[in-house]
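In our numbering, the protein residues as written are 215 to 312.
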């Protein structure tokens, strides 16, 4: 399965390239990764209200996710809330095109 990066770019981001990309369907994990500065490459609609968040893979990204699930990672609350709102807006903005 492939998708377009953007309308100007004819390149594709594969949805199964676990070497170069990190994928999550969890908006809270995605929000934390955005807050921590990881590069969000794309948001892919999988239904009218769900999405897969595609990040550029990084050697420490799995440690950040593990830290999230074990409650060992810290983010600024307002930054997290804003990142989550922005991601939700992107999901809802894709509804027309789904």
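Just so you know, even glycine gets a beta-carbon here, dropped at the ideal spot from N, CA and C.
- When DSSP states are grouped into helix, strand and coil, residue 274 belongs to the coil group.
- In terms of CA proximity to residue 256, 244 leads the group 233, 244 and 280.
- CA-to-CA, the gap between residue 305 and residue 264 works out to about 7 Å.
- DSSP places residue 302 in the helix class (H, G or I) of the three-state scheme.
- Minimum Cα-Cα distance from residue 260 among the listed residues 237, 294, 232 and 300 corresponds to 237.
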